[in-house]
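Worksheet: the structure to be examined is printed underneath.
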Amino acid sequence: MHIHGGNYDAFYASLGCFRKLLVRRFLLSAESIVLLSERLVPMMKFEPRVAPAICVVPNGVATPDALTGVSGGWPEVPFKVLFLSNLIESKGYLTVLRAAGVVQSRLGKGSVEFLFAGQVMLNPPDDMEVHSEDQAEELIATLVADLDIGASVKFLGVVQGQEKWKLLGTSNLLVLPTRYNNEGQPICILEAMAHGLPVISTNYRAIPDMVIDGQTGFLTPHDDFVALADAIVALVCDSDLYNRLSSNALEHVRKSFAVASYVDSVRKVILKSGGQA
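So in the numbering used here, spot 233 of the sequence shown is number 1435, and the numbers just go up one at a time.
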């Protein structure tokens, strides 16, 4: 059994007594329960008897064969900040928009470009400002107008496949100030780091396994757009800092989140469970 998110305990708590019984029986019947991080193990405490079956296997990503250093080179004008996720409020896109206003006020128009790759979606369990897709679109338009950042932001819609890899290869930084309730180990963070991008995200779920604060990126509070802007400006204005975090991010992915390691770990879990790999 492979649990991809980081909210299984809340899912269990939402069930009635009979369904809770079924879930516990299902879990206890599993030879192995795969989680993405040691940080997510506590979410299984509602059924202590499953502890011996728990295995930790982080996600794995491939790095481009030709990549040896900083993704887009340095310096870049404009410096490109990428938000690569669906535009769900708790993923932090509103925080990024507000940070864009602060960054532009400090560095001027044209110095930094903010790219949003994803579609507007709702997530009622933790939406606070947004309650419909139309309202989300209106709020985005209002923020862009009020902050006068129309020339600094682009909304690309859903980007997939080769277009996504091209986008990652031409961006300089990934931002994901998330508090999304189902977050586990966002694969977009690993994909960005595999392209040599530092990442600014949050101290949440399995993210600190990937984003080591001050080494492969920065961790900021999910709703603190000023702190996010501070971190962005620091990377834009300090090429030595940027290049160090970029190199560290790429090395961290290659060392701890390589596809080969992931495949080998999954194979070991299958063999441990009595299957054939």
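Don't be surprised by glycine CBs; every beta carbon is placed ideally from N, CA and C.
Candidates the options: closest to residue i by CA position
i, options, result
"Ser1307", "Val1435, Asn1288, Val1252, Pro1327", "Val1435"
"Pro1280", "Val1298, Glu1393, Tyr1214, Thr1372", "Thr1372"
"Leu1324", "Val1438, Leu1230, Asp1466, Tyr1295", "Tyr1295"
"Lys1282", "Ser1292, Gln1364, Asn1374, Ala1338", "Asn1374"
"Lys1311", "Asp1425, Ser1354, Asp1432, Leu1242", "Ser1354"
"Ala1212", "Glu1339, Asn1384, Met1203, Pro1266", "Asn1384"
"Phe1409", "Phe1427, Cys1390, Asp1425, Ala1396", "Checking the sequence shown, residue 1409 turns out to be Ile, not Phe. The option with the nearest alpha carbon to Ile1409 is Cys1390."
"Leu1488", "Lys1457, Lys1474, Gly1320, Leu1242", "Any question about residue 1488 goes unanswered here, given that the chain covers just 1203 to 1479."
"Ser1313", "Arg1469, Leu1443, Cys1439, Asp1425", "Cys1439"
"Ala1338", "Asp1328, Val1322, Gly1218", "Val1322"
"Glu1249", "Arg1241, Ala1264, Ser1239, Leu1224", "Leu1224"
"Arg1251", "Glu1340, Ile1235, Lys1457, Lys1366", "Ile1235"
"Trp1367", "Pro1423, Ala1264, Asn1288, Ser1239", "Ala1264"
Separation of residue j from residue i, as counted between CA atoms
i, j, result
"Ile1414", "Ile1351", "30 Å"
"Val1401", "Val1259", "22 Å"
"Pro1326", "Tyr1406", "19 Å"
"Phe1316", "Val1360", "15 Å"
"Ile1342", "His1333", "13 Å"
"Tyr1210", "Met1246", "7 Å"
"Gly1274", "Leu1437", "Since pLDDT at Gly1274 reaches only 46, below the 50 mark, its modelled position is unreliable, and no value is offered."
"Pro1254", "Gly1386", "21 Å"
"Phe1228", "Thr1418", "38 Å"
"His1454", "Val1298", "25 Å"
"Ala1232", "Cys1257", "12 Å"
"Gly1363", "Asn1445", "27 Å"
"Gly1186", "Arg1226", "Nothing about residue 1186 can be read from this structure; the chain reaches only from 1203 to 1479."
"Asp1267", "Glu1393", "14 Å"
"Arg1188", "Lys1474", "The chain is shown from 1203 up to 1479; residue 1188 falls before or after that span and cannot be answered."
"Gly1431", "Gly1218", "With the sequence shown as reference, residue 1431 is identified as Ala, and Gly is not the correct amino acid for it. C-alpha separation (whole angstroms): 44 Å."
"Leu1345", "Pro1388", "26 Å"
"Ala1429", "Thr1422", "6 Å"
Cβ pair residue i, residue j closer than 8 Å
i, j, result
"Ile1205", "Leu1230", "no"
"Tyr1164", "Ile1290", "Residue 1164 is absent from the model: the chain starts at 1203 and stops at 1479."
"Leu1399", "Ser1448", "yes"
"Val1377", "Phe1285", "yes"
"Thr1404", "Lys1293", "no"
"Gly1412", "Leu1452", "Just to set this straight, residue 1412 is Met in the shown sequence, not Gly. For Met1412 and Leu1452, no; Cβs fall outside 8 Å."
"Phe1318", "Phe1357", "yes"
"Gly1262", "Val1471", "no"
Within-8 Å CB hit, residue i to chain E
i, result
"Ala1431", "The structure shown contains no chain E, having only a single protein chain."
Contact test: residue i Cβ vs the ligand PLP heavy atom, cutoff 7 Å
i, result
"Leu1237", "Within the structure as shown, the ligand PLP is missing, as the structure has no ligands at all."
Please give the ranges of any beta strand (DSSP E) in the stretch 1409-1440, keeping only runs that are unbroken, at least 3 residues long and fully inside the region.
1419-1421
Report yes or no: do three or more beta-carbon pairs, one from the stretch 1336-1355 and one from the stretch 1293-1310, lie closer than 8 Å?
yes
If you scan the stretch 1302-1343 from start to end, which runs of the beta strand (DSSP E) of 3 or more residues do you find wholly inside it?
1314-1319
Let me know the alpha helix (DSSP H) ranges lying completely inside the stretch 1374-1408, each 4 residues or longer, listed in chain order.
1389-1396
Output the residue ranges of the beta strand (DSSP E) runs that lie fully inside the stretch 1236-1300 and measure 3 residues or longer, sorted by chain position.
1256-1258, 1281-1286
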